[in-house]
Structures are given as structure tokens and as C-alpha cells.
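Structure representation (C-alpha cells):
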């Protein structure tokens with residue numbers, strides 16, 4: 242099975258301390274990997290490294306067997322990487338649901354009508370078509386997460402990076418997210434504190450600590 | 005939800021403000037305001053409260069003008085300022101800031117201006133939400149406004165917190181720009197329609213210009 246993401250002996254430091262070192266991880270095609278760890282262990286930073294938002298201190302990162310030597314190298318793979326931030330309101334770039342879901346396609350130069358059709362179909366697929374014309378900022382936390390996910394999935398990324406996708410959601414919203422994510426066949430790295438949530442998604446669970454990743458049995 | 009088309013509101017606000025700024029007061033100029041009061045009668049009290057609050061500042065201008073000029077001139081400017089502010093408050097009382105972004109987009113303003121206004125509004129909303137949260141926290145934790153050093157330190161911390169938060173938010177937005185392929189414009193769908201209210205409003209505002217030219 243070909244690997245979508247390879248991290249080899251990656252280390253990260255922030256201004257005052259070492260966050261983690263010697264982190265090695267391989268994520269295969271359509272494999273789901275979950276990462277847990279204490280607060281401040283660098284889970285979100287790790288996702289940002291894979292998304293090409295920050296650069297690791299040491300080590301190598303490969304996407305689809307191509308080494309990412311600088312942040313510029315990620316530009317080629319932008320539409321292959323879908324990143325859902327922890328604070329989902331930061332993700333939105335348009336005022337209404339349909340406009341935001343269409344955004345990535347319109348930015349790629351796809352015509353309005355075609356982008357609209359695709360956005361409607363993804364909203365339908367995720368069961369949120371009724372939110373089409375709603376103001377994004379009036380939606381509940383759970384609805385916002387699913388809308389953000391729709392905005393990511395519309396470009397058909399090969400890799401999904403999800404930072405606390407069920408953070409501050411109620412049980413129903415969490416179940417909806419689990420159902421959606423279980424139906425998505427893509428390489429995924431999921432960072433979460435919710436044990437039951439990640440266990441319902443994947444058996445590949447790693448704990449992040451200063452010394453890197455340890456697979457849980 | 006507003007009865008009016010956002011573009012009509014924006015154009016009416018601009019035309020009426022310009023017209024009133026350059027003309028001396030006449031009762032007929034109150035016609036668009038009367039129409040708007042009729043349309044927004046449920047919110048009139050709330051709007052008048054806002055106007056009353058803003059009058060603290062307008063009265064200052066009135067006093068300065070009174071000292072420098074005649075009572076008639078000061079009164080004229082005082083009334084016209086109130087008319088412009090009241091009309092604008094009535095126009096935008098029911099619309100969210102994002103309606104203005106939509107209006108700018110419909111009126112074919114430059115794309116970069118539209119997206120800049122949108123992100124400015126988004127930032128204002130985020131920071132005002134943050135400010136509300138901090139105010140609540142201060143209340144819950146027993147803080148009382150006073151003139152002590154401690155109170156001023158707390159205010160300093162509060163503004164510092166908002167400043168740091170705004171930088172963090174700006175960085176998070178920048179990340180979103182990179183990840184989602186933003187290159188200077190947002191894409192909005194123009195699907196708003198004109199209602200009878202829009203037509204009456206723009207007619208009344210335009211009539212002021214016609215009246216000025218004819219008489």
C-alpha cells in the first residue's frame with residue numbers, strides 16, 4: 242500500500258522549549274490515524290506541519306513520496322490537503338453556507354453554476370442542505386463543523402487533517418461527525434481528546450509525547 | 005430579516021446623506037424618514053435610544069457652532085445631523101454588517117474592497133464577542149469598575165488580551181487563506197430582489213433631488 246504521508250525523525254521546538262523530537266509516522270492511502278496526547282504536547286502543531294503551515298525544526302516530511310523541503314513545496318499539493326482547524330470559525334471565508342462551501346472551487350476558477358451544483362451535492366451528502374442559505378455565524382458549533390468539512394471535501398482532497406473535530410459538541414453532533422468520517426475513504430490524521438470518538442473511527446491510535454509517537458495497543 | 009434590498013439601503017443612505025448635507029432643512033425632507041419609521045415601527049424606540057446616545061456628541065458640535073456662529077445656523081446643522089443619523093439608523097437597524105458586504109458586491113465595488121470590508125467586519129464581530137466574554141468574566145469574578153490602580157490594571161490587561169487575541173485571529177485567518185486558495189477576493193451569490201418597499205424608498209429619496217432641481 243502506498244504511503245500518503247511520511248514523517249521521519251521530525252522535531253519541533255518553540256521559542257522556549259522542545260515540543261517533540263524523533264517523531265516518525267507513516268499514513269497509508271485511505272488509512273485513518275488518530276493522535277492523542279496531553280495539552281501542549283504539540284498535536285495541533287504536528288497537523289500544522291503536515292498541512293505546510295509551519296516548518297519542523299529537524300527531520301523529513303514526505304507527501305505522496307515527495308519530500309517537502311520548504312513551505313513553498315506544499316503549494317503544489319494545496320488542493321490535496323484538507324485541514325479542519327480546532328477553532329472552526331477561522332476557517333470560514335464567506336458569510337453564507339453555500340458561498341463558503343463553493344469558495345475553494347470558485348478560487349480555482351471553476352464557474353459559478355458548476356461550483357454551485359457541486360456544493361449542493363456535497364451539502365446533500367452530508368445532510369445539511371437545509372442550511373444552504375443560512376448565515377454561517379448563526380449556526381451551532383456542530384453545524385459549523387460539518388459546513389467546514391463540506392468546504393474541505395468539495396475539492397476532493399486526498400489527505401484530511403482534523404484538529405479536534407468534536408471539540409465542544411454534544412453527543413448527537415458527535416455521532417453525526419463519526420458517521421460522516423466513517424464514510425469518507427481518505428488518508429486522515431485526527432487529533433482528539435475524546436477516546437470514544439477516536440476508537441469509533443480507527444484502531445490506529447498514537448500517543449504524542451516529547452519523545453515522539455507511541456502506538457497504543 | 006430586513007424588508008429592504010441591501011443595495012437600495014446603501015444607495016439611499018448615500019444619496020440622502022449627501023442631499024441633506026448640502027441643503028438647509030425643510031419639512032419635506034423628513035418624508036423618507038417618516039416612511040422608514042412606518043416600516044420599522046417595531047424598532048423605533050430602540051433606534052431613538054441610540055440616537056439619544058449619539059446626541060451627546062452632536063450637542064457638543066451644536067455648542068461649538070453656537071459659540072462660533074448664529075443660533076439659526078447651529079440649529080440647522082444640529083437638525084440635519086440628527087436627520088442623517090436617524091435615517092441611517094432606521095435603514096440599517098435590521099441588517100447585519102454582512103448585508104453591506106453583499107450590497108457592495110452587487111453594486112460592483114472592487115473585489116478587494118468587498119473582501120477587505122468583509123474581513124474587517126468578521127474581525128470586529130470576533131473581537132466584540134471576545135470583549136463581551138471578558139466583560140462577563142469580570143462580572144462573574146466580582147470585578148467592580150472604580151478609579152483604583154487595580155481597576156486600571158485590569159482594563160490594561162483586558163485591552164492587552166484583546167490585542168493578543170486579534171493577532172492570533174489574524175494569523176489563523178492567514179492560515180485559512182493559504183489552505184483554501186484565497187487570492188484577494190471572496191465569491192458571493194447575488195440573488196436579492198427588489199420589493200415594493202425598496203421602490204418606494206428609492207423613489208422618495210430621488211424625489212428630493214427632483215424637488216431641488218425643479219423648485
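Protein chains in written order, with the working numbering: chain B, 242 to 458; chain X, 5 to 219.
Glycine included, each C-beta is placed from N, C-alpha and C at the ideal position.
Fair warning: this is a prediction, and the values are worked out from it, not measured in the lab.
- Ranking X:38, X:50, X:85, X:73 by CA distance to the CA of residue 59 of chain X puts X:85 first.
- Using a CB distance cut-off of 9 angstroms, residue 365 of chain B does not count as an interface residue toward chain X.
- Looking at B:368, B:383, B:392, the one whose alpha-carbon comes closest to that of residue 360 of chain B is B:392.
- For residue 354 of chain B, there are no C-beta contacts with chain X under 9 angstroms, since the nearest C-beta of that chain is about 11 angstroms from it.
- Closest in C-alpha terms to residue 47 of chain X, from the list X:71, X:26, X:98, X:170, comes X:98.
- Scanning chain B for C-beta atoms nearer than 8 angstroms to the C-beta of residue 34 of chain X yields nothing, as the closest lies near 34 angstroms away.
- In the structure shown, the three-state DSSP call for residue 272 of chain B is coil.
- The CB of residue 343 of chain B comes closer than 7 angstroms to the CB of 191 in chain X, given here in chain order.
- Residues are counted here when their Cβ sits less than 9 angstroms from a Cβ of chain X; for the stretch 320-336 of chain B these are 320, 322, 323, 324, 326, 328, 330, 331, 332, 333, 334, 335, 336, given in chain order.
- Around the beta carbon of residue 50 of chain X, fewer than 16 other beta carbons sit within 10 angstroms, so the residue counts as exposed.
- When DSSP reads this structure, residue 446 of chain B sits in a beta bridge with B:275.
- Short of 6 angstroms from the beta carbon of residue 383 of chain B, and not among the five residues preceding or following it, lie these beta carbons of its own chain, in chain order: 410, 414.
- Inclusion of residue 345 of chain B and residue 184 of chain X in the CB contact set at 9 angstroms is warranted, their separation being smaller than that value.
- Distance from the CA of residue 286 of chain B to the CA of residue 349 of chain B, rounded to the nearest whole angstrom, comes to 27 angstroms.
- Burial is judged here by how many other beta carbons sit within 10 angstroms of a residue's own beta carbon; residue 114 of chain X has fewer than 16 and is exposed.
- Distance from the CA atom of residue 89 of chain X to the CA atom of residue 340 of chain B, rounded to whole angstroms, is 32 angstroms.
- Between the C-alpha atoms of residue 399 of chain B and residue 18 of chain X there is a straight-line separation of about 49 angstroms.
- When Cβ-Cβ separations below 9 angstroms define contact, residue 378 of chain B makes contact with chain X.
- Note on geometry: alpha-carbon atoms of residue 421 of chain B and residue 116 of chain X lie some 35 angstroms from one another.
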